[in-house]
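The next block holds one structure in the form of structure tokens; read it before the comments.
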Amino acid sequence: MTHLLEVRNLGVNFKTYGGEVKAVRDVSFHVNKGEIVAIVGESGSGKSVTVQTIMGLIPKPPAIINAGNIYFQGQDLLTLSKKQMRKVNGSKISMVFQDPMTSLNPTMKIGKQIAEALIVHNNLSKAEAKEKAIEMIRLVGIPNPEERYEQYPHEFSGGMRQRAMISIALACSPELLIADEPTTALDVTIQAQVLELMKDLKEKINTAIILITHDLGVVAETAERVIVMYAGMIVEISSVEDIFNNPKHPYTWGLLESIPDITATSEKKRLIPIEGTPPDLFSPPKGCPFAPRCKFAMEICMDQMPPEMEISEGHSARCWLNDPRSPAPEEVIQQGRKSS
Amino acid sequence: MYFVKRFLAMFLTVWIIATLTFIVMKFIPGDPFATDADVFPEEVLENLRAAYNLDKPVPVQYFLYMKDLVTFDLGTSIVSNTRSVNQIIGDGLPASAILGLLSMAIAIFFGVILGVIAALNHNKAIDHISMVIAIIGISIPNFILAPLLIKYFAVDWRILPVASWGTWQHTILPALALSTTPLAVVARYMRSSMLDVMNQNYMKTAEAKGLSTYRLVVQHGIRNAILPIITFIGPLFVSLITGTFVIEKIFAIPGMGRYFVDSIFNRDYPVIMGTTVFYSLILVVTLFLIDMSYRFIDPRIKLTSKGG
Chain A
1 MTHLLEVRNL
11 GVNFKTYGGE
21 VKAVRDVSFH
31 VNKGEIVAIV
41 GESGSGKSVT
51 VQTIMGLIPK
61 PPAIINAGNI
71 YFQGQDLLTL
81 SKKQMRKVNG
91 SKISMVFQDP
101 MTSLNPTMKI
111 GKQIAEALIV
121 HNNLSKAEAK
131 EKAIEMIRLV
141 GIPNPEERYE
151 QYPHEFSGGM
161 RQRAMISIAL
171 ACSPELLIAD
181 EPTTALDVTI
191 QAQVLELMKD
201 LKEKINTAII
211 LITHDLGVVA
221 ETAERVIVMY
231 AGMIVEISSV
241 EDIFNNPKHP
251 YTWGLLESIP
261 DITATSEKKR
271 LIPIEGTPPD
281 LFSPPKGCPF
291 APRCKFAMEI
301 CMDQMPPEME
311 ISEGHSARCW
321 LNDPRSPAPE
331 EVIQQGRKSS
Chain B
341 MYFVKRFLAM
351 FLTVWIIATL
361 TFIVMKFIPG
371 DPFATDADVF
381 PEEVLENLRA
391 AYNLDKPVPV
401 QYFLYMKDLV
411 TFDLGTSIVS
421 NTRSVNQIIG
431 DGLPASAILG
441 LLSMAIAIFF
451 GVILGVIAAL
461 NHNKAIDHIS
471 MVIAIIGISI
481 PNFILAPLLI
491 KYFAVDWRIL
501 PVASWGTWQH
511 TILPALALST
521 TPLAVVARYM
531 RSSMLDVMNQ
541 NYMKTAEAKG
551 LSTYRLVVQH
561 GIRNAILPII
571 TFIGPLFVSL
581 ITGTFVIEKI
591 FAIPGMGRYF
601 VDSIFNRDYP
611 VIMGTTVFYS
621 LILVVTLFLI
631 DMSYRFIDPR
641 IKLTSKGG
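The following block contains the structure:
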């Protein structure tokens, strides 16, 4: 109960004409005060659905939250009414979205979009909110904040817009910032600047950050702990060191193998893609969802869902290979790691 | 520069419309004095034609007309030969304009509200009911609605006057009858526009800020959703302000609509030309003003027009 955010056994389905999509299944994790947790996984693995459920931004219908609790500062967010949720959103938890080009209101001045949350949550007067908003614009490193306050989003470049988004999200000094692929839409140099800015601001405001990304380079740079998601489930949670040095799930191995290595001397070293495609989430397999693509799959993997197995303090993986009864696990795992 | 260009293009448009109307008018068979042909001797008719320049070759008639048009002299009506076309428009315009503005206000105000309510309750009962009402509004012609309104509000319940023109009570029923179709059209446009806006990423950003429903819907939603509606307001304004023949006839309103229709039947050339030119003038001026207003309504327009 000491965690800032604790998600327990969350399950989210989407009702569609084709049936129910099991977008998030039995997801449990926590975020401590002031830490950066990265969620990685491919498209459709449930990362965005998980965090949007935390903020209550998932449209219901079609979404159905069928299980679990989301405790934030000890309070279950899933039991809050829409009105109560509004007091949390923007002030205690806020969010930076993926595409800065479309995530700002095109007909409202940037400054006003920042000041808005301050007026609503902190009961500031218009003038006070403007002053604070200008301060926020300065804080995220946009030059000429007074002038920029009066401008519209189309007068901002992509990187500047994402900075503006960050200043909107951080205006009320939230306890938790959720950044949903904040750098995906930006070019590489701007990506680095924006990540640097977020790390910087985390120190200043002492905000915890959930960083969604599919870029393991970003993870290595910024995160303290990592959650790996696959097919709506968490397959591995660990510290950032363990993910790179001692990964315990074949899917994580696969992710690591598919990072290009610019220091590789041998020209023969090629990227190894993960073969196959993610399972159909209308009717996910009853065993491990990764088993059909897994090079090390055993019979049990097809039949039974592996439980979360603790490897060490704060490191767990959902893979039968980590079960002591699995045949020569070390050998297989070594083999897997050699190839990574 | 853009402003000047658009301003000049406005006059060019009116000139083209006037010319085309003139040509088409000359192709309509008949003659303003056709009914008098049996009564008057040929010499009288010839004199009459000469008085209205109708004896001259068509290009000369055209030139003479254009000369007067430049000075806003629209000529004299042939049928009621004591009144100038300017007078006729001056008499008919106030009633038509009041009626038009009022019904436009009703159409836009309630149309926007209905559309937004429908969009906010997308695929729920309220949405379906609103859209069924809208379909009914579009498909019931106002010449059916008007007598119904008169029957209930004026004859049965005696709340409002049956017809004629004078006090504000007289304006209500015709304005209602006139506004239903545009109201329904606005509602349908507004609904789809609002649905589109609500799916935009910036609405999610606004929601994530924890804003109140009012701020969310009005400042972020409607503010953006109403932009496409403004385009539609121009032609709507013109069609309503210039009066509609049917409604003015049913409610016995001394508007412009009936002069326009009567003039065509009577081959009253100066009135046909005058009213058409006047309509087109209002149309181009309205469209011009709407185009100009976009710069203030949509901040993104400013940059693009500077370039062009």
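Same order as they appear, the protein sequences are chains A and B.
Residue 148 in this note's numbering is what sits at position 148 of the first sequence, and the numbering runs on without skipping anything.
Residue 617 in this note's numbering is what sits at position 277 of the second sequence, and the numbering runs on without skipping anything.
Every residue gets a Cβ at the ideal spot worked out from N, C-alpha and C, and that includes glycine.
Does DSSP put residue 140(A) in a helix, a strand or coil?
coil
According to DSSP, simplified to helix, strand and coil, what is residue 560(B)?
helix
Please confirm if residue 340(A) has its CB atom under 9 angstroms from at least one CB of chain B.
Per-residue confidence for residue 340(A) stands at a pLDDT of 47, beneath the threshold of 50, marking its modelled position as unreliable; no derived number is given.
According to DSSP, is residue 436(B) helix, strand or coil?
In this structure, DSSP gives residue 436(B) a helical state, which the three-state scheme calls helix.
Tell whether a beta-carbon distance below 9 angstroms holds between residue 577(B) and residue 529(B).
The answer is no: Cβ separation not under 9 angstroms.
Does the structure place the region 152-159 of chain A close enough to the region 625-641 of chain B that three or more beta carbon pairs sit under 8 angstroms?
With a cut-off of 8 angstroms on Cβ pairs, the region 625-641 of chain B is in contact with the region 152-159 of chain A, counting three or more such pairs.
Compare the C-beta of residue 182(A) against all C-beta atoms of chain B and say whether one is closer than 9 angstroms.
Interface criterion not met: the Cβ of residue 182(A) is under 9 angstroms from no Cβ in chain B.
Are the C-beta atoms of residue 545(B) and some chain A residue less than 9 angstroms apart?
Flagged as an interface residue toward chain A: residue 545(B), by a C-beta distance shorter than 9 angstroms.
Give the DSSP-derived three-state secondary structure of residue 180(A) in the structure shown.
Of the three classes helix, strand and coil, the one that applies to residue 180(A) here is strand, per DSSP.
Below 8 angstroms on the Cβ atoms is my contact criterion, and I expect residue 59(A) with residue 15(A) to pass it. Report the Cβ-Cβ distance as a whole number of Å.
The Cβ separation is near 11 angstroms, so there is no contact.
Mind checking if residue 99(A) is an interface residue toward chain B, Cβ cutoff 9 angstroms exclusive?
yes
If the cut is a Cβ gap below 8 angstroms, which residues of chain A does residue 540(B) touch?
102
Are the C-beta of residue 108(A) and some C-beta of chain B separated by less than 9 angstroms?
yes
Are the region 603-617 of chain B and the region 369-379 of chain B touching, with three or more C-beta to C-beta distances below 8 angstroms?
Contact between the region 603-617 of chain B and the region 369-379 of chain B is present, because at least three Cβ pairs lie under 8 angstroms.
Could you tell me whether the region 187-197 of chain A touches the region 275-282 of chain A, using the rule of 3 or more Cβ pairs below 8 angstroms?
no
List in chain order: all unbroken alpha helix (DSSP H) runs of 4+ residues lying wholly within the region 221-294 of chain A.
As far as the region 221-294 of chain A is concerned, its whole alpha helix (DSSP H) runs of at least 4 residues are 240-245, 250-257.
From the beta carbon of residue 639(B), is the nearest beta carbon of chain A less than 9 angstroms away?
Closer than 9 angstroms: yes.
At a Cβ cut of 9 angstroms, what residues of the region 547-568 of chain B count as close to chain A, listed as they run along the chain?
547, 548, 549, 550, 551, 552, 553, 555, 559, 560, 563, 564, 567
Using alpha carbons as the reference points, say which of 562(B), 494(B), 533(B), 428(B) lies closest to residue 514(B).
494(B)
Does the beta-carbon distance from residue 97(A) to residue 463(B) come in below 9 angstroms?
no
Given that residue 87(A) touches chain E, what residues does it touch there, using C-beta distances under 9 angstroms?
The chain inventory of the structure shown lacks chain E, comprising the protein chains A and B.
Would you verify that the beta carbon of residue 116(A) is, or is not, closer than 9 angstroms to some beta carbon of chain B?
So, interface residue.
Excluding the 5 residues flanking residue 111(A) on each side, which residues of the same chain have their C-beta closer than 6 angstroms to its C-beta?
133, 149
From residue 130(A) to residue 284(A), what distance separates their C-alpha atoms?
50 angstroms
Taking buried to mean at least 16 other C-beta atoms within 10 Å of its own C-beta, is residue 320(A) buried or exposed?
buried
Just how far apart, CA to CA, sit residue 634(B) and residue 342(B)?
13 angstroms
Residue 574(B) and residue 621(B): beta carbons closer than 9 angstroms?
no
Counting C-beta neighbours from all protein chains within 10 Å, is the total for residue 253(A) 16 or more, i.e. buried, or is it exposed?
With 16 or more Cβ atoms within 10 Å of its Cβ, residue 253(A) is classed as buried.
For residue 89(A) and residue 24(A), I'd like the C-alpha separation in whole angstroms.
22 angstroms
According to DSSP, is residue 76(A) helix, strand or coil?
strand
For a contact meaning CB atoms closer than 9 angstroms, what does residue 105(A) contact in chain B?
540, 542, 543, 545, 546, 559, 560, 563, 564
Exposed or buried, which one is residue 475(B) when buried takes at least 16 other CB atoms within 10 Å?
Classification for residue 475(B): exposed.
Could you tell me if residue 648(B) is buried or exposed, where buried requires 16 or more neighbouring beta carbons within 10 angstroms of its beta carbon?
Only weak support exists for where residue 648(B) lies, its pLDDT of 36 falling under 50; the value from the coordinates is given anyway. Exposed, because fewer than 16 other Cβ atoms sit within 10 Å of the Cβ of residue 648(B).
Starting from the beta carbon of residue 168(A), find every residue of chain B whose beta carbon is closer than 8 angstroms, and list them in chain order.
545, 549
Identify which residue in 32(A), 9(A), 324(A) has its Cα closest to the Cα of residue 372(A).
Nothing can be reported for residue 372(A): it is not among the residues displayed for chain A, which extend from 1 to 340.
Go through its chain and collect everything with a Cβ distance to residue 388(B)'s Cβ below 7 angstroms, but skip five positions before and after it.
373
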